[in-house]
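J.: Here's a structure for you.
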Amino acid sequence: MWDFSIGQSLAIMARTWPFIVLRMVVYFGITLAYIVAMGAGAGVGYGVGHIATDPDGPVSFALWGGIAGFGVVSVAVYWIREYILYIVKAGHIAVMVHLIDGREIPGGQNQISYAREIVTERFTEASLLFILDQLVKGVIRTITGLIGGIAAFLPIPGLDGLVRFLNTIVRMSLTYVDEIILGYNIRIGSTSPWQSARQGVVLYAQNGKTMVKNAVWLSLVVWVVSLFIFLFMLAPAGAILYFMPGELGGWAFVLAIVFAWAFKSALIEPFAVASLMQVYFKVIEGQVPNPEWDRKLEEASSKFRELKEKAFGSGEASRWDGSARNV
């Protein structure tokens, strides 16, 4: 079925509890910001609506005020996403990598400072890491097509519609692969992030079938758990909106989605990343990047070509010359 240990992933989460707490503070803080902004927007709109001559004015204005509050927080989250990646996700991945390799890490709050040092050694700025992350995501989407997607596992003729649908699921399952490549970058102690990312995606591609199989299993778990959280949070979300001005009850499902997203990002995502890193580090053990896959990716992916260009432009190695330790 899958090639990762659930027990080991849970143990990694337990030992990196400072980051789990940090994730909860960040993501549930964002959820609270949504609630406050929607409430404030609805309140302002409700007050302004009383000035209108239309008897439905307060209700209508409250609705649009709530929408405006939701939009403002969404824009803010969009603009801080690279700092969340740099401060929260990358640091957590760094200590996860150390634990998977059996290395010691500090306990308590020192763990966060320790991880931040590791990340800043390799990525001096949040923007650099964010650009690298976006390039890797673009390359991964190409890899799915090159390995044949789900058709590689179901070589049955006459199932084109089903295969297209399942390939969509496969593409959706690759959410965390960019974080796995980031883990590889940290693991090999690279000082050349563009080149090591290039190595990482080539190693992923040449082991694509194994990685996709595990990614799909994990995605099924994540989606099922997230659905249960969403259904469970509908009631409290509706209760919160009930006390807001105007008719915002219809937004209960939106707020429930935000709650589910917060739980997923704070608790479920670290489990998925720890599990996929186990598989990736195990499957690439003793391998070197295959030049044939490097060529295929260069031909098929503009993002991979851009990744190589950045490696060349920054003076990093242009070939597999051992500049980073293969594992």
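Under our numbering, the very last position in the sequence shown is 374; numbers go up by exactly one each time.
Virtual Cβ for every residue (Gly too), placed ideally from N, Cα, C.
(1) So, Thr189 versus Ala347, is the Cβ gap smaller than 7 Å?
(2) So, at 7 Å on beta carbons, what are the nonlocal neighbours of Glu345 in its own chain, with the 5 sequence-adjacent residues on each side left out?
(3) Assuming Tyr74 contacts Ser312 (C-beta within less than 8 Å), just tell me the rounded distance between them.
(4) Please determine, among Val142, Arg128, Ile276 and Ala87, the residue with the shortest C-alpha to C-alpha distance to Met324.
(5) How is Ser152 classed by DSSP in three states: helix, strand or coil?
(6) Go through its chain and collect everything with a Cβ distance to Ile187's Cβ below 6 Å, but skip five positions before and after it.
(7) Terminal residues of the continuous alpha helix (DSSP H) containing Glu353?
(8) Alpha carbon to alpha carbon, what distance is there between Ile276 and Val378?
(9) CA-CA distance, Ser370 and Ile228?
(10) Short of 7 Å in beta carbon distance, which residues of its chain neighbour Ile152, apart from the five on each side in sequence? Order them along the chain.
(11) Could you check how far apart the C-beta atoms of Leu281 and Ala299 are, in whole angstroms? I think they sit under 8 Å.
(12) Below 8 Å, how does it come out for the region 55-68 and the region 300-308: are there three or more Cβ pairs, yes or no?
(13) Scan the region 156-194 and note each continuous alpha helix (DSSP H) run of 4 residues or more that stays entirely inside, going in chain order.
(14) Which same chain residues, not among the five before or five after Ala252, have their C-beta less than 6 Å away from its C-beta?
(15) Report the rounded CA-to-CA distance for Leu201 versus Thr78, giving the unit in angstroms.
(16) Can you give the Cα-Cα distance for Val248 and Gly90, rounded to whole angstroms?
(17) For Phe170, collect the residues of the same chain with a Cβ closer than 6 Å to its Cβ; drop the 5 residues on either side in sequence, then sort them by chain order.
(18) What's the call for Ser56, buried or exposed, on a 16-neighbour Cβ count within 10 Å?
(19) Here's the rule I'm using: 16 or more other beta-carbon atoms within 10 Å means buried, otherwise exposed. How should Gly86 be labelled?
(20) Can you tell me the Cα-Cα spacing of Arg372 and Gln242, whole angstroms?
(21) Extract the residue ranges of the alpha helix (DSSP H) inside the region 282-345, only unbroken runs of 4 or more that lie entirely within it.
(22) Who are the Cβ neighbours of Pro317 in its own chain at under 6 Å, not counting the five residues just before and after it?
(23) Which residues in the same chain have their Cβ closer than 6 Å to the Cβ of Ile53, if we skip the five residues on either side of it in sequence?
T.: The answer reads as follows:
(1) Locating residue 189 in the sequence shown gives position 142, where the first residue counts as 1. Locating residue 347 in the sequence shown gives position 300, where the first residue counts as 1. Cβ atoms of Thr189 and Ala347: closer than 7 Å.
(2) If you number the sequence shown from 1, residue 345 lands on position 298. These residues qualify, in order along the chain: Phe351, Arg352 and Lys355.
(3) For the purposes of this step, residue 74 is taken as the residue at position 27 of the sequence shown. For the purposes of this step, residue 312 is taken as the residue at position 265 of the sequence shown. Between Ser312 and Tyr74 the Cβ distance is about 5 Å, and since that is below 8 Å, they are a contact.
(4) Working through the sequence shown from its first residue, we reach residue 324 at position 277. Met324 has its Cα closest to that of Val142, out of Val142, Arg128, Ile276 and Ala87.
(5) Translated into the one-based positions of the sequence shown, residue 152 becomes position 105. Residue identity differs from the one stated: residue 152 is Ile in this sequence, not Ser. Ile152 falls in the coil class under three-state DSSP.
(6) Numbered from its first residue, the sequence shown carries residue 187 at position 140. Leu221 and Val224, listed in sequence order.
(7) Taking the first residue of the sequence shown as position 1, residue 353 is located at position 306. Glu353 -> alpha helix (DSSP H) spans Ser349 to Gly360.
(8) Residue 378 cannot be examined here, being either before or after the span of the chain that is shown, 48 to 374.
(9) Numbered from its first residue, the sequence shown carries residue 370 at position 323. Numbered from its first residue, the sequence shown carries residue 228 at position 181. Because Ser370 carries a pLDDT of 42, less than 50, the predicted location of this residue cannot be relied on, and no value is offered for it.
(10) Translated into the one-based positions of the sequence shown, residue 152 becomes position 105. So the list reads Val142, His145, Leu146, Gln158 and Tyr161, once near-sequence residues are dropped.
(11) Reading the sequence shown from its first residue, position 234 is the one you call residue 281. Reading the sequence shown from its first residue, position 252 is the one you call residue 299. About 6 Å; that satisfies the 8 Å criterion.
(12) no
(13) 157-169 and 173-193
(14) Numbered from 1 along the sequence shown, position 205 holds the residue referred to as residue 252. Correct list, in chain order: Ile190 and Trp340.
(15) Within the sequence shown, the letter at position 154 stands for residue 201. Within the sequence shown, the letter at position 31 stands for residue 78. In this prediction, Leu201 scores a pLDDT of 49, lower than 50, which makes its location untrustworthy; no coordinate-derived value is stated.
(16) Position 201 of the sequence shown, counted from the start, is the residue given in the question as residue 248. Position 43 of the sequence shown, counted from the start, is the residue given in the question as residue 90. Distance between the alpha carbons of Val248 and Gly90 is about 49 Å.
(17) Taking the first residue of the sequence shown as position 1, residue 170 is located at position 123. The answer, listed in chain order, is Leu176.
(18) Taking the first residue of the sequence shown as 1, we reach residue 56 at position 9. Flag for Ser56 reads buried.
(19) Here the question's residue 86 lines up with position 39 in the sequence shown. So Gly86 ends up on the buried side.
(20) Mapped onto the sequence shown, residue 372 falls at position 325. Mapped onto the sequence shown, residue 242 falls at position 195. In this predicted model, Arg372 has a pLDDT of only 45, less than 50, meaning its place in the structure is not dependable enough to derive any value.
(21) 299-310 and 316-330
(22) Taking the first residue of the sequence shown as position 1, residue 317 is located at position 270. Hits under 6 Å: Met60.
(23) The residue labelled residue 53 in the question sits at position 6 within the sequence shown. Once the five neighbours on either side are set aside, Ile53 has no close Cβ partner at all.
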